[in-house]
Amino acid sequence: MTSLTNKVVAITGAGSGIGRALALQAAAEGASLALSDIDEAGVAETARLCGAAAQVRTDRIDVSDRDAVEAWAASVVEEFGRVNIIVNNAGVSLSSNIRDMSYEDFEWLMGINFWGVVHGTKAFLPHVIGSGDGHVVNISSLFGLLSVPSQSAYNAAKFGVRGFTEALRMEMLIDKLPVGVTCVHPGGIKTNIARNGRGDDFHDAQEVADYFDEELAKTSPENAAAAIWTAVRRNRPRVLVGADAKILDKLIRLVGSGYQRAAARVSQRRVTDTRSPKYLGTRSTPEKVDA
Numbered sequence: 001m002t003s004l005t006n007k008v009v010a011i012t013g014a015g016s017g018i019g020r021a022l023a024l025q026a027a028a029e030g031a032s033l034a035l036s037d038i039d040e041a042g043v044a045e046t047a048r049l050c051g052a053a054a055q056v057r058t059d060r061i062d063v064s065d066r067d068a069v070e071a072w073a074a075s076v077v078e079e080f081g082r083v084n085i086i087v088n089n090a091g092v093s094l095s096s097n098i099r100d101m102s103y104e105d106f107e108w109l110m111g112i113n114f115w116g117v118v119h120g121t122k123a124f125l126p127h128v129i130g131s132g133d134g135h136v137v138n139i140s141s142l143f144g145l146l147s148v149p150s151q152s153a154y155n156a157a158k159f160g161v162r163g164f165t166e167a168l169r170m171e172m173l174i175d176k177l178p179v180g181v182t183c184v185h186p187g188g189i190k191t192n193i194a195r196n197g198r199g200d201d202f203h204d205a206q207e208v209a210d211y212f213d214e215e216l217a218k219t220s221p222e223n224a225a226a227a228i229w230t231a232v233r234r235n236r237p238r239v240l241v242g243a244d245a246k247i248l249d250k251l252i253r254l255v256g257s258g259y260q261r262a263a264a265r266v267s268q269r270r271v272t273d274t275r276s277p278k279y280l281g282t283r284s285t286p287e288k289v290d291a
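Using full-length UniProt numbering, you'd call the opening residue of the sequence shown number 1 and step up by one each time.
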């Protein structure tokens, strides 16, 4: 796929951030869009920003609801006649220790960040194959390449997305089907994912979001979207978005599991720093981690 012109593109999580930026850039290139988000007002605003000339439909969809996603896919195909690209972008965040995390919160995150990707892929894949020129884009994360304390649920989901997507790409190649598959690993992007996330008694969600926005989110959604669409055009299996993702990917290749002790030491220092929201921290009385 060398162009988005006249393609039909479905995007989840299109109400803000990377999803919105992907939609605006695809519309500018002449694609027709099926946009969904749990935030009905947000996705409506994305459609407005796409401009009057763009062919856009919007739906309020909870991607953790398999029946809703399957009905959405069928409705999109009925309206547009085909779907060339599905971008499974919807996601949430959760900062909590494994010991303190509730099953409810864990299942909430996995339902959106992992099962939402599975639902979107399986619902749209037959139509993407049938288009004759298709692509599946699944958004993983830098945290699908390395793990950090307090992000176990997020890590589990994003590592899962990575494995799922890489397997899908191999299956498409084995069967010689006309579908490219790309797994995206963004680093810190200026989006609402942390601000709309959940925390626990030790990880205040608002404090974590402020820290993420000020210290970690260095890449704009627009730059992230441009990198993703370039990867689609070039049928790249994987794209690292942001300098942080690229640097840390190389680092963990060099040091292997040694990064885990380094992350643990950073976590210990962070829990004693009153200026920090303990984004990578655990409890206020940290256990000793050997050097």
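No residue lacks a Cβ here, since even glycine has one placed at the ideal position from N, Cα and C.
- With respect to the 8 Å criterion, A123 and A73 are classified as neighbours on the basis of their beta carbons.
- With fewer than three CB-CB distances shorter than 8 Å, the stretch 40-54 does not count as touching the stretch 67-82.
- Cα atoms of G19 and G30: separation of roughly 17 Å, rounded to the nearest angstrom.
- Between R57 and the set V83, D175 and D65, the nearest pair of CA atoms involves V83.
- If you compare the alpha carbons of N89, E40 and P221 with that of C183, the shortest gap goes to N89.
- Within the stretch 39-99, complete alpha helix (DSSP H) segments of at least 4 residues are found at 40-50 and 66-80, given in chain order.
- When DSSP reads this structure, L35 sits in a beta bridge with I11 and T58.
- Bridge pairing for G180: H135 [DSSP].
- From the listed residues V92, I247 and G187, the smallest Cα separation to S220 is found for G187.
- In the same chain as I129, and ignoring 5 residues on each side of it, the C-beta atoms closer than 6 Å to its own belong to L177 and V179, in chain order.
- Under the DSSP assignment, L240 falls in the beta strand (DSSP E) whose first and last residues are R238 to V241.
- The beta carbon of A226 sits closer than 7 Å to those of Q25, all from its chain and outside the five residues before and after it, given in chain order.
- DSSP places T5 in the coil class of the three-state scheme, outside both helix and strand.
- Burial of T165 is indicated by the presence of at least 16 other C-beta atoms within 10 angstroms of its C-beta.
- The beta carbons of L145 and H185 sit closer together than 8 Å.
- About 5 Å separates the beta carbons of G160 and F114, which is inside the 8 Å limit, making them a contact pair.
- Our two residues, S96 and S147, have alpha carbons roughly 13 Å apart in a direct line.
- By the C-beta density criterion, T230 is exposed, having fewer than 16 other C-beta atoms within 10 angstroms.
- Contact between the stretch 7-21 and the stretch 33-43 is present, with at least three C-beta pairs closer than 8 Å.
- For the pair Y103 and G111, the Cα-to-Cα distance works out to about 12 Å.
- When secondary structure is reduced to three states using DSSP, P221 falls in the helix class.
- DSSP, reduced to helix, strand and coil, places P126 within a helical segment of the structure shown.
- Annotation for M110: the continuous alpha helix (DSSP H) segment containing it runs Y103 to N113.
- Residues R233 of the same chain have their beta carbon placed closer than 8 Å to that of T2, with the five preceding and five following residues left out of the count.
- Cβ neighbours of L4 within its own chain (closer than 6 Å, five residues either side excluded): A26, E29 and A31.
- A Cβ-Cβ separation of about 12 Å leaves T121 out of contact with I85 under the 8 Å criterion.
- Nearest Cα to Q55 within the set E79, D62 and L142: E79.
- Residue burial is scored here from C-beta neighbours: I139 has at least 16 other C-beta atoms within 10 angstroms and is therefore classed as buried.
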